Amino acid sequence: MVLFGWLMVMLMAASAARAELLIRITEGANAAIPVAVVPFAESGVMPAGDKVSNIVQADLTMSGEFQLLAPEKMLSLPSKRSEVYFRDWRLLGQRYVLVGELTRSGQRVEARYELFDVNREQRILGETAGASASNIRSLAHHISDRVYETITGEPGVFSTKLAYITLTTSGNESVYRLQVSDIDGQRSKIRLESREPILSPAWSPDGKKLAYVSFETGKPVIFIHELATGKRTKAADFPGLNSAPAWSPDGQSLLMTLSRDGNAEIYQMNLASGKTTKLTNHWAIDTEAAWDHAGRGIFFTSDRSGGPQIYYMERPGAEPRRLTFGSRYNARARPDSKGEYVYYIHQRQNTFHIARRNLKTDEESIITRTGSDESPSVSPNGRMLIYSTQQDGKGVLTVVSADGGAAYSLPASEGEVREPAWGPISR
Numbered sequence: 163m164v165l166f167g168w169l170m171v172m173l174m175a176a177s178a179a180r181a182e183l184l185i186r187i188t189e190g191a192n193a194a195i196p197v198a199v200v201p202f203a204e205s206g207v208m209p210a211g212d213k214v215s216n217i218v219q220a221d222l223t224m225s226g227e228f229q230l231l232a233p234e235k236m237l238s239l240p241s242k243r244s245e246v247y248f249r250d251w252r253l254l255g256q257r258y259v260l261v262g263e264l265t266r267s268g269q270r271v272e273a274r275y276e277l278f279d280v281n282r283e284q285r286i287l288g289e290t291a292g293a294s295a296s297n298i299r300s301l302a303h304h305i306s307d308r309v310y311e312t313i314t315g316e317p318g319v320f321s322t323k324l325a326y327i328t329l330t331t332s333g334n335e336s337v338y339r340l341q342v343s344d345i346d347g348q349r350s351k352i353r354l355e356s357r358e359p360i361l362s363p364a365w366s367p368d369g370k371k372l373a374y375v376s377f378e379t380g381k382p383v384i385f386i387h388e389l390a391t392g393k394r395t396k397a398a399d400f401p402g403l404n405s406a407p408a409w410s411p412d413g414q415s416l417l418m419t420l421s422r423d424g425n426a427e428i429y430q431m432n433l434a435s436g437k438t439t440k441l442t443n444h445w446a447i448d449t450e451a452a453w454d455h456a457g458r459g460i461f462f463t464s465d466r467s468g469g470p471q472i473y474y475m476e477r478p479g480a481e482p483r484r485l486t487f488g489s490r491y492n493a494r495a496r497p498d499s500k501g502e503y504v505y506y507i508h509q510r511q512n513t514f515h516i517a518r519r520n521l522k523t524d525e526e527s528i529i530t531r532t533g534s535d536e537s538p539s540v541s542p543n544g545r546m547l548i549y550s551t552q553q554d555g556k557g558v559l560t561v562v563s564a565d566g567g568a569a570y571s572l573p574a575s576e577g578e579v580r581e582p583a584w585g586p587i588s589r
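The numbers in the sequence shown follow our numbering, run straight up by one, and end at 589.
Listed below in structure tokens is the structure:
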């Protein structure tokens, strides 16, 4: 079985480093919206480290949807409405201007910020938000989310988290680490460390738990990890393969691949009862399932047509429908949150890219320009995609806009990084 060998390779491939990820903007969008983030005025002694306005500027740049004006090119540095001269910002070609002021009182920092539409000369956002002085990055990400949503109409994702696997090696020693960080790679925390592979992290819908595969017992076992407490429980430890966990939208069950009956099939496990229901039943290998945006049907990978291809099952028990053609390898489908597109690994001329398929028109497009691409994960607002790839012979994470128009990479300062999972928007 070609796919079985491929599946085991995927199970054994985890990687990257202990230190926080770096960030490198590699490509911008052609039609980015001009935005000026004016350095915030400050009252009181601010925490050391990056400025709030710098973080907001970096966040908006990362999205690929905005062109940020460098502060040294600004004609003035206003911090409130009465100081904003719209003519100056129009001369600089700006569509929007963000101004604000930070005030520190004890261990708390409060931000007052305003966003202006330059052409209409109107304030379109004006709010106050606060955070502890030790949590200044969360305050900045919150402001970025509000600015993004005000301009685009879509929720921002700068306050969400990334989970990923890192691998460092020294001689014959390998150390795998499950880490969680901000989406810019900062504030990373190690959640699990092992000398055996850790794979396939998957976020619960509430962002409080991770499911993943660990080989720490000498075989693949699916664990559920509560992030707040560190408590870990075995979700699936059946004979054979236990892999590819994926949460249901209500958080009550997991999709998983099990070979308990001798062949790799898709199962659904009720987490309260532990009861499993077989969703596929075929001589081929079925794996890498993911719920559709509505939580009714599932996408999965199967080699029932002779090689890995993407299939869709409209409801449990329905006849699966093949979605991908024209390439001998299409795998690991990940749908967006609106039911418009599905993303997957696509082989073309012996190179692996991330492809996007329009679920209404069946139009397929390649959205990555790198090679050896794998493990796509879609942002919760559907506007960005993170995946792992090779850069200078090392595994790195790369984020692209959903149409492939902009990109930034997140290499580790040492070692390699793999298996990214984009966390949900916290409610």
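All C-beta atoms, glycine included, are put in the ideal place defined by N, C-alpha and C.
No experiment lies behind these values; they were computed from the predicted model shown.
Per DSSP, the unbroken alpha helix (DSSP H) holding Leu301 starts and ends at 298 to 314. Under the three-state reduction of DSSP, Thr223 is assigned to helix. Residue range 248 to 253 is occupied by the alpha helix (DSSP H) that includes Leu253.
Residue pairing by DSSP leaves Arg357 without any beta bridge partner.
Between Glu355 and Glu378, the beta carbon gap of about 10 Å keeps them out of contact (Cβ cut-off 8 Å). Gln471: member of the beta strand (DSSP E) spanning 471 to 475, first to last residue.
Counting along the chain, Gln552 sits inside the beta strand (DSSP E) bounded by residues 546 to 553. Between the C-alpha atoms of Phe514 and Tyr275 there is a straight-line separation of about 44 Å. CA-to-CA, the gap between Ser421 and Pro542 works out to about 31 Å. With respect to the C-alpha of Tyr326, the residue from Tyr570, Ala569, Gly557 having the closest C-alpha is Gly557.
Cβ-Cβ distances below 8 Å link Gln552 to Thr532, Gly533, Ser534, Val558 in the same chain, with the five nearest sequence neighbours on each side left out; the list follows chain order. Rounded to whole angstroms, the gap between the alpha carbons of Ser489 and Arg510 is 7 Å. By the C-beta density criterion, Leu361 is buried, having at least 16 other C-beta atoms within 10 angstroms. Relative to Ala397, the option among Val197, Asp279, Lys437 whose CA is nearest is Lys437. Around the Cβ of Gln414, a 10 Å sphere holds fewer than 16 other Cβ atoms; the residue is exposed. DSSP places Gln341 in the uninterrupted beta strand (DSSP E) bounded by 335 to 344. By the Cβ-count criterion, Glu581 is buried, with 16 or more other Cβ atoms from all chains shown falling within 10 Å of its own Cβ. Ser539 and Ala583 do touch by the CB rule: their CB atoms are close to 5 Å apart, below 8 Å.
Annotated three-state conformation of Ala198 is strand, per DSSP.
About 16 Å separates the beta carbons of Leu222 and Lys235, which is beyond the 8 Å limit, so they are not a contact pair. When C-beta atoms of the segment 259 to 268 are compared with those of the segment 203 to 213, three or more pairs fall below 8 Å, so the two segments count as touching. Within the model, the alpha-carbon separation for Glu272 versus Thr560 is close to 33 Å. 9 Å or more divides the Cβ of Gly585 from the Cβ of Trp409.
Rounded to whole angstroms, Met418 and Ser244 show a C-alpha spacing of 58 Å. Annotated three-state conformation of Val218 is helix, per DSSP. The C-beta distance from Pro196 to Gln256 rounds to 5 Å, short enough to fall under 8 Å.
Gly577 and Asn334 have their C-alpha atoms some 14 Å from each other. One thing to note: Ala568 has its Cβ no nearer than 9 Å to the Cβ of Ala198.
When beta bridges are read from the DSSP output, Pro497 appears opposite Val504. When secondary structure is reduced to three states using DSSP, Ser205 falls in the strand class.
Judged by DSSP secondary structure, Lys396 falls within the beta strand (DSSP E) whose first and last residues are 394 to 398.
For Trp453, the enclosing beta strand (DSSP E) covers residues 448 to 453.
Under the three-state reduction of DSSP, Pro582 is assigned to strand. About 6 Å separates the Cβ atoms of Leu239 and Val200, confirming a contact at the 8 Å cut-off.
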